[in-house]
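2 protein chains.
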Amino acid sequence: MGDLSAVDVPADFEREFPGASRSATLVAANLVRTATDLLAAIERPPREAVGLSVSAFQVLVVLDGAGEPLTGQAIAEELLVTSASMTSLLDTLQRRGLVERRPHPTDRRKILIHLTEQAQRTVDLQLPAVHGSITQAMADLTEAEREQFLDSLTKMRAGLTRLAAQPTPTFKARRKRRARPGPTTA
Amino acid sequence: MGDLSAVDVPADFEREFPGASRSATLVAANLVRTATDLLAAIERPPREAVGLSVSAFQVLVVLDGAGEPLTGQAIAEELLVTSASMTSLLDTLQRRGLVERRPHPTDRRKILIHLTEQAQRTVDLQLPAVHGSITQAMADLTEAEREQFLDSLTKMRAGLTRLAAQPTPTFKARRKRRARPGPTTA
DNA sequence: TATTGTTATACTCTATAACTATA
DNA sequence: TATAGTTATAGAGTATAACAATA
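Top to bottom, those sequences are chains C and D.
Under my numbering, the first residue of the first sequence carries the number 1, and numbering increases by one thereafter.
Under my numbering, the first residue of the second sequence carries the number 1001, and numbering increases by one thereafter.
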């Protein structure tokens, strides 16, 4: 299981990947691991209590967050899926009585997706648990640490933006790895 | 798109969710967002260049990381999938010539999964790009910031561990949200 | 009896392409 | 012509249950 242990990176990492930074990799690996563990601990239980997939649950959260009905296309853009995939997701949600499709009042090509009362009750019930869990999970961090953490995340996104803007760079080849005292095959 | 912008949380968040912390939610939301963007920028391109799903690519990385053949079950435990799902994943990889199944030398119930030379070449080619991109994405963070960041992640995992250990707590009910100046429906 | 892996079956998500209705 | 949504089709990942071979 992502057993809430830290990810390590071998001491000879920078020998194996010339030009790469071990501390950067440590940060990236543990960032992803912790985000995964956070989602598993916080978002998954309420989502599975409702018996929905990640995407289907996201549709409900997006609709709740908007606070008003949205067109299928608007939700599809938020979730980064095609309109055909959206149709399928809405079919699933409608079958379970969580959304309704209603005609758009002025543009008859469009439909408006409404949360049902049942869905709204469900979201109202689950979101406090989500936010309460998050609050407890972060309890050990001071406000100063939280600000510093957000600042570091901002720097990473700046780095990612730079990375996306530049042509794919070339990297030095991997070097052969030294034998490690790995566990023998089960 | 997760357009590399920060996630915000409404100013009246703590009124809507009594007992929840806005700064904790900011940290959690941006942690997840940044981790997602990082994966999209770093891991997705090499993976899609090879034409593999997340799970299939992970199988290759796990085998490469182990540095030796593994049983199907060992990989399945690493990826948190059932043995039946593992069979399906290995079928896909074997069809593409990326792994081989060979009998275990002493226990005839088991099979050992080997990376093919082609798969090893692929991994050797893609991993330097992954680690180089990570190094560039993190370039703005000083070593001190990286250590502080890892420290904060450790505290979060401690919080998650506590959370998992305790019985599910109850949370105060959500309060009705004030109307927001949301975008009018498309 | 327990473990490893496969097969059979089913469901969901996802995509592309072709289509209808509407603007 | 362009947009919104659906249908048809297909592929991948995942799961559960039943099963065979082996330990």
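All residues carry an ideal CB built from backbone N, CA and C; glycine is no exception.
Computed from a predicted structure; not experimentally measured.
For a contact defined as C-beta to C-beta under 7 angstroms, what are the partners of residue i on chain D?
i	result
V62(C)	Here the premise fails: no neighbours, minimum Cβ distance about 12 angstroms.
F57(C)	Correct list: empty, because the minimum Cβ distance to chain D is about 14 angstroms.
S23(C)	E1143, R1146
S152(C)	L1141, E1145, F1149
Could you check if residue i is buried or exposed, using at least 16 other CB atoms within 10 Å of its CB as the buried criterion?
i	result
Q1136(D)	buried
T25(C)	buried
A1076(D)	buried
T184(C)	In this predicted model, T184(C) has a pLDDT of only 46, less than 50, meaning its place in the structure is not dependable enough to derive any value.
S83(C)	exposed
T1034(D)	buried
S1053(D)	exposed
S1133(D)	buried
R95(C)	exposed
E143(C)	exposed
M1(C)	Per-residue confidence for M1(C) stands at a pLDDT of 38, beneath the threshold of 50, marking its modelled position as unreliable; the derived number appears in the next sentence. Counting Cβ neighbours within 10 Å, M1(C) comes out exposed, since fewer than 16 surround it.
A1186(D)	Unreliable positioning characterises A1186(D) in this predicted model, as indicated by a pLDDT of 46, which lies under 50. The coordinate reading is nonetheless provided below. The residue is exposed, with fewer than 16 neighbouring Cβ atoms inside 10 Å.
S88(C)	exposed
R1022(D)	buried
Given a cut-off of 8 angstroms, decide if residue j and residue i are closer than it, judged by their beta-carbon atoms.
i	j	result
A1164(D)	A6(C)	no
D140(C)	A1158(D)	yes
A20(C)	H1131(D)	yes
F1017(D)	R1121(D)	no
A1179(D)	P1046(D)	no
L1098(D)	Q1118(D)	yes
R101(C)	L90(C)	yes
Nearest CA to the CA of residue i: which residue from the options?
i	options	result
V1059(D)	P1045(D), G1067(D), L1079(D)	L1079(D)
A1066(D)	L1112(D), L1153(D), Q1166(D)	L1112(D)
L150(C)	T1170(D), S1055(D), M1138(D), A1028(D)	A1028(D)
S1055(D)	S1085(D), T1154(D), E1145(D)	S1085(D)
T190(C)	T71(C), S23(C), L93(C)	Past the boundaries of the shown model lies residue 190(C); chain C is included only from 1 to 186, so the question cannot be answered.
T1154(D)	P69(C), L93(C), F57(C), N30(C)	N30(C)
V1032(D)	L1004(D), D1012(D), T1170(D)	L1004(D)
Using three-state DSSP, classify residue i as helix, strand or coil.
i	result
H114(C)	strand
P46(C)	helix
T1184(D)	At T1184(D) the pLDDT is 46, less than 50, meaning the model places this residue with poor confidence and gives no usable figure here.
T1034(D)	helix
P103(C)	strand
T1161(D)	helix
T1092(D)	helix
L1052(D)	coil
T1142(D)	coil
T1087(D)	helix
If the cut is a Cβ gap below 9 angstroms, which residues of chain C does residue i touch?
i	result
G1132(D)	F17, G19, A20, P169, T170, F171, K172
Chain D partners of residue i, CB-CB under 8 angstroms?
i	result
L38(C)	A1028, L1031, V1032, M1156, L1160
I want to verify the contact list: residues of chain D whose CB lies under 9 angstroms from the CB of residue i, in sequence order.
i	result
P103(C)	Near P103(C) there are no residues of chain D at all, since even the closest Cβ is about 13 angstroms away, more than 9 angstroms.
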